[in-house]
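> Residue numbers (the working numbering): 237 to 421. Supplied in structure tokens, the structure appears directly below.
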């Protein structure tokens with residue numbers, strides 16, 4: 237299964253057909269249970285609903301709203317014999333994007349652009365006030381340094397990373413173009 241993209245707050249139905257286990261036997265919903273295990277910023281387990289010989293796992297609006305934006309590693313786990321036996325039959329990534337309708341202060345800049353801005357603020361403070369900021373918080377990380385050269389190196393690093401992220405974003409925009417040709421016939 238490829239990555240699945242979902243906006244927090246949107247519902248999603250996961251359908252799973254009959255599964256062949258490692259020993260070659262067939263797992264079916266009337267004899268086997270299926271759990272969709274999601275681990276990332278939050279943790280969530282979705283228990284199956286039988287669907288003919290397969291399973292359905294429903295990510296409801298309320299459960300989806302509780303998910304924070306980020307990547308979730310998902311595992312499809314089959315169990316049987318009162319959960320005495322289990323087998324992970326598939327793994328995939330669920331990418332949860334933020335629900336923009338619920339965000340008041342959304343900052344669309346990349347992490348690299350945010351980090352670069354923090355470094356530039358620290359450099360400006362040094363230039364204007366002669367005070368060397370020795371600790372920066374970039375996202376959830378705290379970076380400490382002792383000299384102005386370390387701060388300049390950090391700013392140069394984030395400037396390169398920001399340029400790379402802008403280039404990647406630019407390439408994605410250009411790749412979405414569709415060329416249409418017409419022929420007379």
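The C-beta atom is built at its ideal place from N, Cα and C for all residues, glycine as well. If you're wondering where the values come from, they're calculated on a predicted model, not measured in any experiment.
1. Whether or not the region 272-289 and the region 300-316 are in contact is what I'm after, with contact meaning three or more pairs of Cβ atoms, one per stretch, closer than 8 Å; do they touch?
2. If I follow the unbroken beta strand (DSSP E) through residue 286, where does it start and stop?
3. Who are the Cβ neighbours of residue 237 in its own chain at under 7 Å, not counting the five residues just before and after it?
4. Jot down the residue ranges of each uninterrupted alpha helix (DSSP H) in the region 264-318, minimum 4 residues, whole runs only, in chain order.
5. Can you tell me whether residue 281 is buried or exposed, with buried defined as 16 or more other CB within 10 angstroms of its CB?
6. Out of 268, 247, 352 and 240, state which residue places its alpha-carbon closest to the alpha-carbon of residue 287.
7. For residue 391, which of 291, 372 and 333 has the nearest alpha-carbon?
8. Would you check if there are 3 or more beta carbon pairs closer than 8 Å linking the region 330-345 to the region 239-253?
9. Applying the 10 Å Cβ sphere with the 16-neighbour rule, what's the burial state of residue 378?
10. Where does residue 238 fall in DSSP's three states?
11. Output needed for residue 294: all residues of its chain with C-beta closer than 6 Å, excluding positions within five of it in sequence on either side, in chain order.
12. For the candidate residues 376, 366 and 369, whose alpha-carbon lies nearest to that of residue 350?
13. How big is the Cα-Cα spacing for residue 346 and residue 304?
14. Smallest Cα separation from residue 383: which of 277, 247, 368 and 352?
Short version:
1. yes
2. Numbered from its first residue, the chain shown carries residue 286 at position 50. 285-287 is the span of the beta strand (DSSP E), which, as asked, contains residue 286.
3. On the chain shown, position 1 is the one that residue 237 refers to. The answer, listed in chain order, is 326 and 328.
4. 297-301
5. Translated into the one-based positions of the chain shown, residue 281 becomes position 45. Looking at its Cβ environment, which holds fewer than 16 other Cβ atoms inside 10 Å, residue 281 is exposed.
6. The residue labelled residue 287 in the question sits at position 51 within the chain shown. Answer by Cα proximity: 268.
7. Residue mapping note: residue 391 aligns to position 155 of the chain shown, counting from 1. Answer by Cα proximity: 372.
8. yes
9. In the chain shown, counting from the first residue as 1, residue 378 sits at position 142. Burial call: exposed.
10. If you number the chain shown from 1, residue 238 lands on position 2. Coil.
11. Within the chain shown, the letter at position 58 stands for residue 294. The answer, listed in chain order, is 249.
12. Position 114 of the chain shown, counted from the first residue, corresponds to residue 350. Minimum Cα distance to residue 350 is reached at 376.
13. Residue 346 sits at position 110 when you count from the first residue of the chain shown. Residue 304 sits at position 68 when you count from the first residue of the chain shown. Roughly 17 Å between the two C-alpha positions.
14. Residue 383 sits at position 147 when you count from the first residue of the chain shown. Distance from the Cα of residue 383 is smallest, within the candidate group 277, 247, 368 and 352, for 368.
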